[in-house]
Structure formats: C-alpha cells, structure tokens
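*Asks:*
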Amino acid sequence: MTAMYDCIIVGAGPAGGTAAYHLAKRGRSVLILEKEALPRYKPCGGGVSPQVAEWFDFDFTPAISLKTNTLRFTWKLEDPVEAQLDKTEPIWMVRRDVFDHFLVQQAQTQGAELRDRTEVSGIEFKSDHWQVNTATGPVAGRYLIAADGAKGSMAKWLGFKDRKRRLAGALEAEAAAQVTSPQVHFEFGMVKNGYIWNFPKADGYSIGIGTFRGGEPQDFKSILTEYAASFGIDLKTTRQYGHPIALWDGDQPLHTQNAVLAGEAACIVDPMTAEGIRPSIFSGMKAAEAIDQALSGNGNALEQYTEIIAKEWGSEMLWAQRLASVFYRIPGIGYKVGVKRPTAPERMGQILCGELRYSDVATRALKRLSGGLIGGPSGS
Ligand SMILES: Cc1cc2nc3c(=O)[nH]c(=O)nc-3n(C[C@H](O)[C@H](O)[C@H](O)COP(=O)(O)OP(=O)(O)OC[C@H]3O[C@@H](n4cnc5c(N)ncnc54)[C@H](O)[C@@H]3O)c2cc1C
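Heads up, the sequence shown is in the numbering used here, so the first residue is 7 and it goes up one at a time.
#1: Starting from residue 332, trace the alpha helix (DSSP H) both ways and give me its first and last residue.
#2: For residue 367, which residues of its own chain have a beta-carbon under 8 Å away from its beta-carbon, when the five flanking residues on both sides are left out?
#3: When you measure from the CB of residue 288 to every non-hydrogen atom of ligand 1, does any distance come out below 8 Å?
#4: For residue 169 and residue 265, I'd like the C-alpha separation in whole angstroms.
#5: Apply the 10 Å Cβ neighbour rule to residue 47 and answer buried if 16 or more other Cβ atoms are within range, or exposed otherwise.
#6: Per DSSP, what kind of secondary structure is residue 351 in: helix, strand or coil?
#7: Express the C-alpha separation of residue 75 and residue 92 in angstroms, rounding to a whole number.
#8: Would residue 363 be called buried (16 or more neighbouring beta carbons within 10 Å of its own) or exposed?
#9: Does the distance from the C-beta atom of residue 25 to that of residue 151 stay below 9 Å?
#10: The alpha helix (DSSP H) with residue 102 in it runs from where to where?
#11: Given this structure, state the Cα-to-Cα distance separating residue 231 from residue 342, to the nearest angstrom.
#12: What does a CB cutoff of less than 8 Å around residue 124 pick up in its chain, not counting 5 residues either side in sequence?
#13: According to the neighbour-count rule (16 or more other Cβ atoms, all chains shown, within 10 Å of its Cβ), is residue 304 buried or exposed?
#14: Residue 307 to residue 262, Cα distance in whole Å?
#15: If you measure between the beta carbons of residue 44 and residue 69, is that distance less than 9 Å?
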C-alpha cells in the first residue's frame, strides 16, 4: 500500500515552499513534487518585499543577496528621479535559485518531503483523495495544492478552464558584475505598456523587460541590450530567458474538490508592478492554513481560502489594475505627474513593504493622472 500524504504540493517555488513549510510545521505530512532539480533558475528580477518576513519564524538572511533602499527611475534613460526609502525596511534582492531552495529546505526541516526532478503528468480524484501521476509512479494525498506557476497545467487539470488572468510577457538576463552602489533601477520610456528594470545582486545584475497591457509586439531583445549598454553591460553574450506572467484580472474561485490554487497558478500577480513573490508567499501561507483546517474537519475551509484571497489581496489588486490601466496608457504623463512627485517613490516603497495599501492612495493618484491627461503635459 502506498503512503497517503495529508497534502501533495505541486511546484517548489515561493508558493509551494511556503505552503509546505506552514503545513509541515502544523504536523501535517507533506510531499512537494518539483519537475526541475533544485536549486533551479526562475526568470525573475528577484525584488522581494521585506513584509514576507512577518509570515515566518525563521531568519531569511542566508537567502538574501543584498538589501537596498535606494530607487532610481528614468524616462528614456533621462530625467532621473532618485529616492531613498528611509521610512521603510530595505527591499530584498534575491537570486531565485537560492531563495526558493532555502524556503523548501526550511519546509524539509519541519518534516516536509521533497521529490525534485519529478514532473507531475496528471491527476485523478479517487472518492476521498487525489492520485497524482508522475514518471516514477503515482502518489496519493488527501489534499492538493497547485503551486506550479504561470506555465503549469494543474489548474486546467483541476477543472479551472477559464481562469481570469492577463498574461504578460517578460525577458530576463543575469549579468555578472561588480556592484559598488546598489540601486534599484526602473526605466519607463523605452518600452511601451511596461517597464525595464535593473536590480542589483551581490555579484551582478538582473536586467529585464516586461509589458503588462498587451499592445503591439516590441523587440524586447534589442531594447534590453540597449538599456544594459547604458550600464556598460554587454548582453549580446548573456543568455536571456523569456517567461509569461499571470497578472491578477479579477477575483475568482481558487478552490475545488480537496484542492486549491496558490501563487501564480492562482493568477495573483500585481498588474501595476508585476510583483509576484509576496502574493505567492501570502497565498501559499493561506492555502496551508485552509488545508490544515479542512483536515481538522472544517468543511468550509477551502471556500474561505477563496474569500480570504479576494478580501486581503484581490481588493488591493483592483486598485492596482485601475492604476495600471491609466498609467501604462499615458506613461509620459504618468512619469511626470506620478513618479516625479517628491512623495511618490516613498509611497511606492511603503506599498511594497505592506505599510500602505493601494486603496489608501489610488483615488488621489488616479485623479492626478486624469488631471494630467486633461490639462497637463503631453504623454509618451
Ligand atoms: C522575468 C520576470 C521577472 C519577475 N520579477 C519579479 C520581481 O522582481 N519580484 C516579484 O515579486 N515578482 C517577480 N516576478 C514574478 C514572480 O517571479 C512569480 O510571480 C513567482 O515566481 C510565482 O511563484 P510561484 O511559486 O507561484 O511559481 P514559480 O516560482 O513559477 O514556481 C512554480 C514551480 O512549479 C514547477 N512545476 C511546473 N509544472 C510542474 C509539474 N507538472 N510538475 C512538477 N513541478 C512543476 C516549476 O518547475 C516551478 O519550479 C517576475 C516574473 C518574471 C517572469
């Protein structure tokens, strides 16, 4: 007879690692299935909100490449705005192979089992549990968490055929370099409907480009190469990795029979900033709490998970989406009346750190943007 796990988690990214940690800590038997060998690379800027520390009882220091509270914004490489976020915790810059593996290792110390290099190929519900099929044979779990990211198939297999999401595209390159004064760079004018970033790490940069509102196809590679050259970095010899992003596009059910979606599988990425790590961790934690309660006999726990994500995260994302739809339509004005406001970078930092909510600032920001649109300076 094969083992019956309390919960099987598919995917060892931030959502899966977090869910595994919190379930194992509550004494539940957990199996994580990951198709790649850990540590694995994930195309990502690796900017992480320090708020996530509140949701764990261990120290993340070994997983953080560096911390910085200096931001620099540009428009077409000019008109810079520099900001020192003094009121907030510094932002974490992480390498995702290190960060994600660290989280999984923390879960393992709590008793979670990991099988990496194990791709899930299908799932079947068997009266009271899930059978999860892999190349090395089936495994069984009472509950299932789909944490297989933007490219995973679990949501489809669980019957979520038409999830609300806006698929965005991004390209990332990791360049080795000596970083002397770490600054988080955002460039808004060189790409339409998105931004370019340069995030410092202890031993180099994550340079990338993403568009979040659709529009005409753009030549990401040459735009990124031109941008990197402004930092003296030659991307022609550096590999660039493309990856989709599943942006939040409305609240929706995230639970079904003995299973929930977490992280990007649940389409929780901020449509304004493309921040996905913090909400993936948040939803992984809430998914673990829900499944723990379901295992203890709470028949409404999974439904409550859907409600909690909508209330705590979706309500914020609605404002982020409204802001994004105006900002990326008129980025030139957005840059002048939004980013260049003296208080704006501090506010953005506070939102990222969880000290301020979009709902606290969005109404005024939207008024300012539409004021700029009607009577202000011309756009892009
Ligand atoms: C270029 C780029 C830059 C980004 N920059 C940032 C940033 O700076 N800050 C930020 O907060 N967010 C950023 N994001 C978003 C962030 O990377 C994601 O939102 C986050 O990784 C989602 O975490 P997750 O745990 O849901 O999924 P993932 O991290 O994608 O992990 C899913 C895991 O599931 C595994 N898997 C998939 N299918 C299967 C299967 N069938 N069987 C077994 N395993 C499977 C995958 O191998 C993967 O390891 C960026 C995204 C992109 C594309």
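Glycine included, C-beta positions come from ideal geometry on N, C-alpha and C.
*Replies:* So, to answer that:
#1: 321 to 333
#2: 353 and 357
#3: no
#4: 15 Å
#5: exposed
#6: helix
#7: 7 Å
#8: exposed
#9: yes
#10: 102 to 115
#11: 26 Å
#12: 39, 40, 41, 140, 141 and 142
#13: exposed
#14: 11 Å
#15: no
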